[in-house]
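One structure is given here, and the rest of the page talks about it.
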Amino acid sequence: MVIETDFSVQLRAYELMYTSFCMANIYEENRSVCKYVHANARGHEAIQLATAMQLLPHDCASPYYRDDAMLLGMGFSPYDLMLQLLAKADDPFSGGRSYYCHPSSRDPRYPLIPHQSSATGMQVIPTTGMAQGIQYKEQQGLLPADAPKSVVVCSIGDNAVTEGEVSEALQFAALKQLPIIYLVQDNDWGISVSGAEARCMTAYFMPKCRC
Ligand SMILES: Cc1ncc(C[n+]2csc(CCOP(=O)(O)OP(=O)(O)O)c2C)c(N)n1
Ligand SMILES: [Mg+2]
1 MVIETDFSVQ
11 LRAYELMYTS
21 FCMANIYEEN
31 RSVCKYVHAN
41 ARGHEAIQLA
51 TAMQLLPHDC
61 ASPYYRDDAM
71 LLGMGFSPYD
81 LMLQLLAKAD
91 DPFSGGRSYY
101 CHPSSRDPRY
111 PLIPHQSSAT
121 GMQVIPTTGM
131 AQGIQYKEQQ
141 GLLPADAPKS
151 VVVCSIGDNA
161 VTEGEVSEAL
171 QFAALKQLPI
181 IYLVQDNDWG
191 ISVSGAEARC
201 MTAYFMPKCR
211 C
């Protein structure tokens, strides 16, 4: 019996987890240089990399404001990310005009990333719209016959999920069965709001299974 021993994917993931960890430490040690508000993937590295390493250039993604490990997993370099941190003109996302980890990209080497706002939850409706656009093109036969299927990933935190517009987007995506994955990173906190406070209501409902 031959046992597969190709650990290249795991090694790459581990390398990127460690890179992300080191970047967070460097930022912390250089607070006087990294003056602006910035968040990082600390504690969230594994889920972000597991997601990013599945994405292909014809997919779309809205990374959350702490998803720098996800950006590393897509193929962006630490240098690329730090250009935005330090508001440099060569920043590949916004030419130094946005906060750290607020990506936007039409670079054909990576998934398509729409502009990311600092207002949490605001990414959800536009990103759901991208999935609707993909579905529309498929249904209308507007894509080449051999075009690969695209998926959209919308990343968000447990607290931003409580925002009203997020409910609207989830409802619409379920109704239309859109090709979108909502990745909720649940760390039980939204700055100072605990999970117990944010999720105090019990008015859940079970949607009918459409499978
Ligand atoms: C609309 C809006 N309200 C408040 C804020 C301030 N804010 C920034 S991050 C954050 C917490 C978000 O919590 P969560 O979605 O759980 O993300 P986490 O930081 O825990 O990953 C808040 C309230 C904001 N950026 N936008
Ligand atoms: Mg949270």
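So the sequence shown is residues 1 to 211, counted in our numbering.
Ideal placement from N, C-alpha and C gives every residue a C-beta, glycine not left out.
For clarity, every value in this text was computed on a predicted model and none was experimentally measured.
With 16 other Cβ atoms within 10 Å as the buried cut-off, status of residue i
i    : result
G141 : exposed
R66  : buried
E45  : buried
C60  : buried
S62  : buried
G121 : buried
C200 : exposed
I7   : As written in the sequence, residue 7 is Phe, which differs from the Ile given in the question. Its Cβ having fewer than 16 others within 10 Å, F7 is exposed.
Q84  : buried
Y64  : buried
C101 : buried
Opening and closing residue of the alpha helix (DSSP H) in which residue i lies
i    : result
S20  : S8 to E29
Y136 : V124 to Q139
I47  : E45 to A52
G195 : G195 to A198
L143 : Looking at the DSSP string, L143 is not in any alpha helix (DSSP H), and its letter there is neither H nor E.
Q84  : P78 to L85
Through-space distance from residue j to residue i, alpha-carbon basis
i    : j    : result
T19  : I180 : 28 angstroms
G43  : V153 : 20 angstroms
P126 : E29  : 36 angstroms
A69  : I47  : 9 angstroms
A12  : A203 : According to the sequence as given, residue 12 is Arg; it is not Ala. For R12 and A203, the distance between alpha carbons rounds to 43 angstroms.
F76  : V161 : 27 angstroms
F172 : Q116 : 21 angstroms
Q135 : G129 : 10 angstroms
D80  : E165 : 31 angstroms
V9   : L72  : 14 angstroms
S32  : C22  : 17 angstroms
For residue i, the first and last residue of its enclosing beta strand (DSSP E)
i    : result
V166 : That residue, V166, is in no beta strand (DSSP E); its alpha helix (DSSP H) goes G164 to K176.
Y182 : I180 to Q185
A61  : C60 to S62
G73  : Segment D68 to M74 is the alpha helix (DSSP H) holding G73; no beta strand (DSSP E) there.
V152 : V152 to G157
Same chain, Cβ closer than 7 angstroms to residue i, five either side skipped, listed in chain order
i    : result
A87  : G96
L178 : T128, A131, Q132 and Q135
Sequence-distant residues of its chain with Cβ nearer than 8 angstroms to residue i (five each side left out)
i    : result
S194 : D188
A198 : D158, N159, T162 and G190
Contact set for residue i: own chain, Cβ-Cβ below 6 angstroms, skip 5 residues either direction
i    : result
D90  : L83
K35  : none
P148 : H58
Y182 : C154
Cβ of residue i within 8 angstroms of any chain D Cβ
i   : result
R66 : Chain labels in this structure do not include chain D; a single protein chain is all it has.
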